[in-house]
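Student:
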Amino acid sequence: MKVRTRFAPSPTGYLHVGGARTALFNWLFARKHGGEFVLRVEDTDEARNTDEAKQAIFDGMSWLGMDWDEGPGKGGDCGPYFQSERKEIYDKWFDTLADAGRVYEDDGAWRFKFERKPVTMNDMVCGEVTIDYRDESNTPDMVVKRSDGSYVFHFVNVVDDLEMGVTHVIRGEDHLMNTPKHLQLFEAFGVEPPRYAHIPLILNEDGSKMSKRDEGAAVGDYPKKGFLPEGVVNFIALLGWNPKTEEEVFSMAELIERFSLEHVNRAPGRFDFEKCKWVNQQHLAKLTDEEFAAAAKPFVVAAGLEPGADYPAVAGAVREKVRLLSEVPDAVDFLLKDEISYDPETVEKVRGNDVAKGVMSGLGGVFAEISEWSADAAKEALGVLAKEAGSKPGKLMFPLRVALSGKGGGPDLGVILELLGKEKCAQRVGKFAEML
RNA sequence: GACCCGUUCGUCUAAUGGUUAGGACUCCAGAUUUUCAUUCUGGCAAUAGGGGUUCGAUCCCCCUACGGGUUGCCA
Numbered sequence: 013m014k015v016r017t018r019f020a021p022s023p024t025g026y027l028h029v030g031g032a033r034t035a036l037f038n039w040l041f042a043r044k045h046g047g048e049f050v051l052r053v054e055d056t057d058e059a060r061n062t063d064e065a066k067q068a069i070f071d072g073m074s075w076l077g078m079d080w081d082e083g084p085g086k087g088g089d090c091g092p093y094f095q096s097e098r099k100e101i102y103d104k105w106f107d108t109l110a111d112a113g114r115v116y117e118d119d120g121a122w123r124f125k126f127e128r129k130p131v132t133m134n135d136m137v138c139g140e141v142t143i144d145y146r147d148e149s150n151t152p153d154m155v156v157k158r159s160d161g162s163y164v165f166h167f168v169n170v171v172d173d174l175e176m177g178v179t180h181v182i183r184g185e186d187h188l189m190n191t192p193k194h195l196q197l198f199e200a201f202g203v204e205p206p207r208y209a210h211i212p213l214i215l216n217e218d219g220s221k222m223s224k225r226d227e228g229a230a231v232g233d234y235p236k237k238g239f240l241p242e243g244v245v246n247f248i249a250l251l252g253w254n255p256k257t258e259e260e261v262f263s264m265a266e267l268i269e270r271f272s273l274e275h276v277n278r279a280p281g282r283f284d285f286e287k288c289k290w291v292n293q294q295h296l297a298k299l300t301d302e303e304f305a306a307a308a309k310p311f312v313v314a315a316g317l318e319p320g321a322d323y324p325a326v327a328g329a330v331r332e333k334v335r336l337l338s339e340v341p342d343a344v345d346f347l348l349k350d351e352i353s354y355d356p357e358t359v360e361k362v363r364g365n366d367v368a369k370g371v372m373s374g375l376g377g378v379f380a381e382i383s384e385w386s387a388d389a390a391k392e393a394l395g396v397l398a399k400e401a402g403s404k405p406g407k408l409m410f411p412l413r414v415a416l417s418g419k420g421g422g423p424d425l426g427v428i429l430e431l432l433g434k435e436k437c438a439q440r441v442g443k444f445a446e447m448l
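Residues in the first sequence are numbered consecutively from 13, following the working numbering.
(1) Counting C-beta neighbours from all protein chains within 10 Å, is the total for lysine 129 16 or more, i.e. buried, or is it exposed?
(2) Measuring only the C-alpha atoms, how far is tyrosine 26 from lysine 407?
(3) Determine the contact status of proline 423 and alanine 321, defining contact as a CB-CB distance below 8 angstroms.
(4) DSSP three-state label for glutamate 384, please.
(5) Measure the alpha-carbon distance for valine 168 versus glycine 139 and round it to whole angstroms.
(6) Could you pull out every residue in the same chain whose Cβ sits closer than 8 angstroms to the Cβ of cysteine 90, ignoring the five residues on either side in sequence?
(7) Under the assumption that glutamine 95 contacts threonine 34 (Cβ atoms under 8 angstroms), give the Cβ distance between them as a whole number of angstroms.
(8) Can you tell me whether DSSP reads lysine 349 as helix, strand or coil?
(9) Excluding sequence positions up to five away, which residues of its chain have a Cβ less than 6 angstroms from the Cβ of arginine 440?
(10) Between which two residues does the beta strand (DSSP E) harbouring proline 130 extend?
(11) Figure out for me which residue from Glu259, Phe70, Gly252 has the closest Cα to the Cα of glycine 281.
(12) Between Thr358, Arg335, Lys287, Asp144, which lies nearest to glycine 421 when the distance is taken from Cα to Cα?
(13) Using 8 angstroms as the threshold, is the C-beta distance between proline 192 and isoleucine 143 below it?
(14) So, do the stretch 367-374 and the stretch 434-448 have three or more beta carbon pairs nearer to each other than 8 angstroms?
(15) Who are the near neighbours of lysine 157 in its chain, counting only those whose CB is closer than 8 angstroms to its CB and skipping five residues on each side?
(16) Please report the straight-line C-alpha distance between serine 223 and lysine 14, rounded to a whole angstrom.
(17) On the DSSP letters alone, give me the boundaries of the beta strand (DSSP E) that valine 203 sits inside.
(18) Between the C-alpha atoms of valine 29 and asparagine 216, what's the straight-line distance to the nearest angstrom?
(19) Return the CA-CA distance between alanine 438 and leucine 40, expressed in angstroms with no decimal places.
(20) I need the straight-line Cα distance from leucine 213 to arginine 183, nearest angstrom please.
(21) Between which two residues does the alpha helix (DSSP H) carrying valine 168 extend?
(22) Inspect the beta-carbon positions of phenylalanine 346 and asparagine 292 and report whether they are closer than 8 angstroms.
(23) How about valine 245 and glycine 77: do their beta carbons lie closer than 8 angstroms?
(24) Can you tell which of Val171, Val137, His210, Ser220 has the C-alpha that lies nearest to the C-alpha of glutamate 199?
(25) For alanine 112, which of Phe124, Asp119, Asp118 has the nearest alpha-carbon?
(26) In this structure, how does DSSP classify lysine 221 when only helix, strand and coil are distinguished?
(27) Are the CB atoms of valine 141 and asparagine 197 within a distance shorter than 8 angstroms?
(28) Of all the options Ala229, Ile248, Glu351, which has the alpha carbon lying nearest to the alpha carbon of lysine 287?
(29) Have a look at Glu54, Asp118, Lys66 and flag the residue whose alpha-carbon is nearest the alpha-carbon of arginine 98.
(30) On the DSSP bridge list, what partners appear for tyrosine 116?
So this is what it looks like as structure tokens:
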């Protein structure tokens, strides 16, 4: 039997990071088993659906690198893939229920008559869970068709899963208690139900429920914040699932290879934005300078900087120093701009260093005299002045860094000297000396 | 309230009837890079509480507490 999974989001807002992880687990499971992954849009709630929300789902899925084999924009044998277009199919299955005497009218709506017995599900994550449907007060017959003729979630969800041949349903734990309802529906239809796997929810860092405004909640924010898709995928994959190794950095291909539902946890996980950034940094560090430069370019341009001919080298200089692409403009602006700004606090630190003051005032001129400019030549010149002042070169590296970049941290000093060139270095050191 | 699921460092997690309860993020300290935001080394830090079962419980059972979920003509 070929594995078929699906992601069935409702386009009522934005793509939530929890939804993205649900999609990811379904996608990984399908890819791992050589199966198919279906995208189905559950747009039955006309009042709340929006086109923007639909687009956010497609964009988010594509950005994260989860392609679907069937669904919107892709087609397939089980379409249409929008529930709003599947009315006749639902009518047909509703008639089956009606013919079997399993529904009854109530206030214009139609309720499904549950069988009054204990229902046991064998969840691939939660194990055996039994809900007693003999307790009617706890499990009242559910409405499947509203008085306006539309169908409710439980009904369409089940019909679509069976019509689409879904073999494994991986979804959030908020659906665990819905599952017996779905099982009863499958039984009434005389169709073998899929296997279910309920995965724990994702909460905020403080344990509260994640909502729209919370940091990290909307997938659409990640590209803007400077995350790499593979970084985000890697991080959310590890929330609630463990790869049974102490490694933590995985490519998409490695995730597919390792993924298994057996190692999904049961307790809700909290979202740690710091660790998410760290994982992103690991993926950033894996890129080549060219790839990194290309990925960071939009951020650099948006910050009003002009990436010149040496831009790839400039970007490469900070590749392993940033956690997010959005940090790149601030990190490289002194390499791309003629006029730089000095961080007052950092300048103050150098100001207290009398040796640095003295050496800096002479260094600009010395730099200008160097005939064959190179980082080594510049450092050598610095060393000579340091010695004359009775100090060590190491003590002057920091002041020189500040003179050239305006800040206390950044790329390797040698790289800075090379990228900036003689003229700029001489000029900046001269100017800096005057500030002291 | 009822029903369901859960609970290991602050966070993500590993282990499992016998370990000094391991790793990662964060934080702190050292090292190295003649500079740094990288890297390396080290440190802080956990089995929710109470009862059982057992030679031995973080692990199995029960109770309590706490957290989450469900309880819609939302999905």
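From the three backbone atoms N, C-alpha and C, an ideal C-beta is built for every residue, glycine too.
Tutor: Let's see:
(1) exposed
(2) 52 angstroms
(3) no
(4) coil
(5) 25 angstroms
(6) Answer for cysteine 90: Val50, Glu82, Glu175, Met176, Gly177, listed in chain order.
(7) Actually they do not touch by this definition, with Cβ atoms about 17 angstroms apart.
(8) coil
(9) Here the set comprises Ala415, Leu416.
(10) Where proline 130 is concerned, the enclosing beta strand (DSSP E) stretches over 130-135.
(11) When each option's Cα is compared against that of glycine 281, the closest is Gly252.
(12) Thr358
(13) Closer than 8 angstroms, so yes.
(14) yes
(15) Phe106, Val115, Ala121, Trp122, Tyr163, Val164, Phe167
(16) 36 angstroms
(17) Unbroken run through valine 203: none, as it is neither H nor E.
(18) 11 angstroms
(19) 55 angstroms
(20) 10 angstroms
(21) 165-175 is the extent of the alpha helix (DSSP H) around valine 168.
(22) The answer is no: Cβ separation not under 8 angstroms.
(23) yes
(24) Val171
(25) Phe124
(26) strand
(27) Residue identity differs from the one stated: residue 197 is leucine in this sequence, not asparagine. No, Cβ-Cβ distance for leucine 197 and valine 141 is not below 8 angstroms.
(28) Ile248
(29) Ranking Glu54, Asp118, Lys66 by Cα distance to arginine 98 puts Glu54 first.
(30) Looking at the DSSP output, tyrosine 116 bridges to Arg123.
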